[in-house]
Each structure stands twice: as C-alpha cells, then as structure tokens.
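Worksheet for the structure shown next.
In structure tokens:
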C-alpha cells in the first residue's frame, strides 16, 4: 500500500511555504477558518499526481509570485521503496515534472520515464494504480466535485 509521508507546497494557492509530515500510526485533522488553505492541500496532491488544478493551472500560483511547486513523498509499505514526485508550473505555463525512487535508506534517483506522458503513466500504473477519474471519485473528493 502506498502511504503519504510528506507534502511540501511552495507558492501554491494560499501557501507560501508549507510542509506537512504524515505518520502512518497517527490520524491527522487539518482545521482552519474558511479560506485558510485546507482544500489547497488536497488540490496540491491532485496537481502533483495528475498535473490538474481547479481551473487554469496558472491560477494555482500564489498571487504576487511567478511559480509554484509541490513535492510529495510516498512510501510503499509492501516493499522498501519510497517515491518523490515534484511538479511545478510558472506564470508562462511551463511545467517541470520529475519522479524519484529510493530503495531502503539510499539516495533518491530520477526515474527515467519517457517525457511527461511517460512519467504520468508511471505514476498512474506503477505507483498509485489509479487514474485521475478513479482518484477524484473514490480516493479524494475535491471541493465542488459533484
């Protein structure tokens, strides 16, 4: 089973620099007033995994900044493999998308996928085992998802 270990958001929606670490033995409740960025955390996962935002991806960039980046660390508790997914976008709509793998406690190494489409396929088929539609309709329910 793939578990979420850490998420880092840089200039993503309302988040300037946010890092959340997850512990599989603990439950986590994210609380805050309306507009404080709770839903942005879920949106950042969808962006990191599938490259899709609420609307135009450029609107994901925090106002007053030129780019945003989301980094997600995952662990596979069935085998000693960890993954790091990094996705960023700038105000010119230029995407950067990389996947890293680590065995045991070793160093993260770039997964040599075939471009953005190959990397996207790798996430969906090898890591998450979930398409975008399955993810948003059964695993994560974004706001206003009817």
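Numbering (our numbering), first residue to last: 1 to 146.
No residue lacks a Cβ here, since even glycine has one placed at the ideal position from N, Cα and C.
Since the model is a prediction, treat every value here as computed from it, not as a measurement.
Write down the C-beta distance between residue i and residue j rounded to the nearest angstrom, noting that I regard them as a contact closer than 8 Å.
i	j	result
residue 59	residue 53	7 Å
residue 87	residue 97	5 Å
residue 38	residue 19	That belief does not hold up - the Cβ atoms of residue 38 and residue 19 are roughly 15 Å apart, past 8 Å.
residue 46	residue 11	The Cβ separation is near 17 Å, so there is no contact.
By the three-class DSSP mapping on this structure, what secondary structure does residue i have?
i	result
residue 8	strand
residue 73	strand
residue 30	coil
residue 109	strand
residue 22	coil
residue 137	helix
residue 59	helix
Among the options, which residue has its Cα nearest to the Cα of residue i?
i	options	result
residue 65	99, 96 and 92	92
residue 70	121, 115, 126 and 99	99
residue 89	75, 111, 44 and 74	44
residue 107	36, 128 and 82	82
residue 94	119, 103, 68 and 117	68
Mark residue i as exposed unless 16 or more other C-beta atoms lie within 10 angstroms of its C-beta, in which case mark it buried.
i	result
residue 27	exposed
residue 134	exposed
residue 3	exposed
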